[in-house]
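Position one of the sequence shown corresponds to residue 1 (the numbering used here), numbered consecutively onward.
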Amino acid sequence: MSEQLLRFESVTKTYISGESRLVILEDLDLSVPSGTSVAITGKSGSGKSTLLNLAGGLDKPTAGSVLFLGRNVGKMHDKALSAFRNRHIGFVFQSHILLEDFNALENVCVPALIRGDGRQATIQRATQLLKRVGLADRLDHRPQKLSGGERQRVAICRALINQPDLIIADEPTGSLDEASASDIETLLLEMVKEEGRTLLLVTHNPLLAARCSSVYLLQNRQLQEGP
Ligand SMILES: Nc1ncnc2c1ncn2[C@@H]1O[C@H](COP(=O)(O)OP(=O)(O)OP(=O)(O)O)[C@@H](O)[C@H]1O
Ligand SMILES: [Mg+2]
Numbered sequence: 001m002s003e004q005l006l007r008f009e010s011v012t013k014t015y016i017s018g019e020s021r022l023v024i025l026e027d028l029d030l031s032v033p034s035g036t037s038v039a040i041t042g043k044s045g046s047g048k049s050t051l052l053n054l055a056g057g058l059d060k061p062t063a064g065s066v067l068f069l070g071r072n073v074g075k076m077h078d079k080a081l082s083a084f085r086n087r088h089i090g091f092v093f094q095s096h097i098l099l100e101d102f103n104a105l106e107n108v109c110v111p112a113l114i115r116g117d118g119r120q121a122t123i124q125r126a127t128q129l130l131k132r133v134g135l136a137d138r139l140d141h142r143p144q145k146l147s148g149g150e151r152q153r154v155a156i157c158r159a160l161i162n163q164p165d166l167i168i169a170d171e172p173t174g175s176l177d178e179a180s181a182s183d184i185e186t187l188l189l190e191m192v193k194e195e196g197r198t199l200l201l202v203t204h205n206p207l208l209a210a211r212c213s214s215v216y217l218l219q220n221r222q223l224q225e226g227p
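Structure below.
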């Protein structure tokens with residue numbers, strides 16, 4: 001499939017900080033075709049999270065357009081944008097904020113229930129996903145009774161439950177030790193593939209980046225393709 005799911009067209013993002021104006025991204029272009037996995041690497045502070053926030057409609061560009069399925073995300077109003085995000089995008093962050101009062105199964109169900117899916121079907125699919133990531137016997141554990149790696153597995157299932165067009169992952173294993181990080185990374189790539197999703201990923205791990213369809217380096221406010 002070569003259809004462009006996500007496009008950045010000449011995107012500039014600046015932050016005003018006191019007297020100064022910080023230009024984080026400038027005239028940046030990016031195309032993410034459906035069904036691919038795209039890795040973004042770059043030094044700390046280079047603007048990777050800023051770029052992901054724009055891609056996911058969590059923030060708006062200062063200039064240029066972010067087009068998702070042909071729609072200009074930066075121009076959408078908050079309520080429409082939240083509904084759009086819930087339907088089309090799944091997020092996995094470095095340390096995912098799971099809902100502490102809900103168990104693993106309930107945490108995974110939340111986005112589907114918000115969307116208005118039936119309870120039984122949602123529980124069934126959430127259970128299936130959690131089984132797939134090896135948490136069949138942890139369904140009723142609350143986040144504080146899960147390890148860091150287990151919490152990230154729950155976060156991956158939660159990101160996938162609504163079958164979103166795009167999974168956005170910002171250093172999803174950054175808070176884990178090397179061995180669990182590697183397990184979770186493999187799992188994330190496998191799940192994205194099995195479920196036929198598209199992935200936009202920020203990672204510091206060159207081995208993980210190399211397993212993606214394309215790799216970009218964010219440097220000097222722009223993206224360069226290549227490992
Ligand atoms: N809301 C904000 N207001 C002002 N400056 C900001 C804001 N958010 C981010 N920045 C600045 O923008 C730059 C890019 O931040 P960003 O979080 O995108 O970097 P990053 O590449 O994700 O870094 P890391 O690898 O450490 O996560 C940083 O210098 C940061 O201080
Ligand atoms: Mg970041």
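Built from N, CA and C at the ideal position, the CB exists for glycine as well. For clarity, every value in this text was computed on a predicted model and none was experimentally measured.
Okay, do the stretch 159–178 and the stretch 83–98 touch, 3+ Cβ pairs below 8 Å being the bar? yes
Do Val11 and Leu228 have their beta-carbon atoms positioned less than 8 Å apart in this structure? Residue 228 falls outside the range modelled here, since the chain spans only 1 to 227, and no answer is possible.
Which complete alpha helix (DSSP H) runs does the stretch 34–107 hold, if anything under 4 residues is left out? 48–55, 78–88
Check whether the Cβ atoms of Gly134 and Arg153 lie closer than 8 Å to each other. yes
Taking only heavy atoms of ligand 2 into account, decide whether any of them is closer than 7 Å to the Cβ of Asp101. no
Mark Asn220 as exposed unless 16 or more other C-beta atoms lie within 10 angstroms of its C-beta, in which case mark it buried. exposed
Cα-Cα separation between Met1 and Gly57, rounded to whole angstroms: Bear in mind that a pLDDT of 46 at Met1, under 50, signals an unreliable position, so the model cannot answer this.
Three-state secondary structure (DSSP) at Glu194? helix
Beta-carbon proximity list for Ala55, same chain, < 7 Å, skipping 5 on both sides: Leu6, Val66, Ile168, Leu200
How far does the beta strand (DSSP E) with Arg7 in it reach, from first residue to last? 4–17
So does the stretch 25–41 actually touch the stretch 208–215, counting three or more Cβ pairs closer than 8 Å? yes
Given a threshold of 16 other Cβ atoms within 10 Å of its Cβ, counted over all protein chains shown, does Thr186 qualify as buried or as exposed? exposed
Please indicate yes or no: does the CB of Lys48 lie closer than 7 Å to some heavy atom of ligand 2? yes
Under 7 Å: does the beta carbon of Ile24 sit that close to some heavy atom of ligand 1? yes
Given this structure, state the Cα-to-Cα distance separating Asn162 from Gly18, to the nearest angstrom. 40 Å
Check whether Arg151 and Glu100 have beta carbons under 8 Å apart: no
Please classify Tyr216: is it buried, with 16 or more other beta-carbons within 10 angstroms of its beta-carbon, or exposed? buried
For Met1, does the three-state DSSP call read helix, strand or coil? Below a pLDDT of 50, predicted positions are generally treated as unreliable, and Met1, at 46, falls in that range; no measurement from the model is reported.
Hey, Leu146 and Arg138 are a contact pair by Cβ (cut 8 Å); roughly how many whole angstroms apart? 6 Å
Using 8 Å for Cβ pairs, my map puts Gly196 next to Gly35. What's the rounded Cβ distance? 7 Å
Compare the beta carbon distance of Gly107 and Leu98 with 8 Å and say whether it is the shorter of the two. For the sequence presented, residue 107 should be read as Asn rather than Gly. Going by C-beta atoms, Asn107 is nearer than 8 Å to Leu98.
When we look at the beta-carbon of Arg125 and count the other beta-carbons within 10 Å, is it buried (16 or more) or exposed? buried
Please look up how many angstroms separate the CB atoms of Gly149 and Asp183, rounded, as I've assumed it's under 8 Å. 7 Å
Cβ of Asp237 within 7 Å of any heavy atom in ligand 2? Nothing can be reported for residue 237, as the shown portion of the chain is limited to 1 through 227.
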